[in-house]
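A.B. asks: The structure's right below; bear with me while I get my questions together.
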Amino acid sequence: GMTQYLAKVQGMPPSVETKLERRIQNFLWDDKKTVLINKETVYAPIEMGAQNLLDIIARNKAITTTWLKSFLDFGPSRPLWAFATDEYMALNLIGTDNKVVDATLRPSVFLQAWESKQILKPKELSEMMKVARRRGVSMDSLALSREVMREATIWCHIKSTANRGLFNRGTQITCLKANHKVKTVGDAEILARRRTSPGHRNSTTVHATHVRKLQQNLWAVPIRTDATARQRSY
11 GMTQYLAKVQ GMPPSVETKL ERRIQNFLWD DKKTVLINKE TVYAPIEMGA
61 QNLLDIIARN KAITTTWLKS FLDFGPSRPL WAFATDEYMA LNLIGTDNKV
111 VDATLRPSVF LQAWESKQIL KPKELSEMMK VARRRGVSMD SLALSREVMR
161 EATIWCHIKS TANRGLFNRG TQITCLKANH KVKTVGDAEI LARRRTSPGH
211 RNSTTVHATH VRKLQQNLWA VPIRTDATAR QRSY
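If you read the sequence shown in our numbering, its first letter stands for residue 11, the second for the next number, and so on.
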């Protein structure tokens, strides 16, 4: 119990966990080398005839899970360290992802189809991501609202089956990013609904075609071009 605060704010190295476990066992069993009662029994509640002893390892895993919960909070109460972690992970992509995924459009590993390295520093961050993989954390839901769908980043969309090179190549893609500031599914939807795009020659056809390609097989509202998009009712 007395170690909980420090473990929460700065983690606990495995070596310290092992040392504390050993000290607790030596104190509980008076330094006996052979113990006939297993740990699970000792950790059980007093009502069951046990000692209700603190399971430090399980407690620390639970703390790591609370870190993950805070990291996945994208609301106004999200802690500052979570934003720094997003940036850090965006700089440590695996394999070809680092070349394919636009470095300026990597808001979150959980919201896009790219992966960060599994071995990260500090170790607590690696442990948090291990918990996410073990728990199967993913961007899935039985019924997402239209607002949530539209807020999803369109570049390397997590549900897209298109070749990720599509998100980084071509003058039209560059124009969508630089001139039209398209970042989310909602941005692409608004652009696809426009008949004209000031400053672009025949931009309606060219841009709407690329927006449609970007929207292939997404779980979000399918983006249709111009008149077709305006005919959809929600």
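Each residue gets a CB set at the ideal place from its N, CA and C atoms; glycine is no exception.
Report the three-state DSSP secondary structure of threonine 194 (helix, strand or coil).
C.D. replies: Strand, per DSSP.
A.B. asks: Please list the terminal residues of the continuous alpha helix (DSSP H) segment that includes alanine 72.
C.D. replies: Note, alanine 72: alpha helix (DSSP H), 66–81.
A.B. asks: When the distance is taken between beta carbons, is threonine 44 closer than 7 Å to glutamate 137?
C.D. replies: No.
A.B. asks: Can you tell me which of the three DSSP states threonine 28 falls into?
C.D. replies: Reduced to three states, the DSSP call for threonine 28 is helix.
A.B. asks: Taking the alpha carbon of aspartate 65 as the reference point, which residue from Lys49, Thr76, Trp165, Lys79 has its own alpha carbon closest?
C.D. replies: Nearest of Lys49, Thr76, Trp165, Lys79 to aspartate 65, Cα basis: Lys49.
A.B. asks: Could you give the residue range of the alpha helix (DSSP H) that holds leucine 130?
C.D. replies: No alpha helix (DSSP H) contains leucine 130, which DSSP labels as neither H nor E.
A.B. asks: Can you check DSSP and say which residues form a bridge with threonine 163?
C.D. replies: BP columns for threonine 163 point to Thr194.
A.B. asks: Please name the residue or residues paired with glutamine 122 in a DSSP beta bridge.
C.D. replies: Answer is His167.
A.B. asks: Quick one: grab the DSSP three-state call for leucine 101.
C.D. replies: Leucine 101: coil per DSSP, three-state reduction.
A.B. asks: Can you name, in chain order, every residue of its own chain whose Cβ lies under 8 Å from the Cβ of glutamine 14, other than the five neighbours on each side?
C.D. replies: For glutamine 14, where only same-chain residues beyond five positions count, the Cβ hits under 8 Å are Arg69, Ile73.
A.B. asks: What is the residue span of the alpha helix (DSSP H) that isoleucine 183 lies within?
C.D. replies: That run of the alpha helix (DSSP H) goes 181–188.
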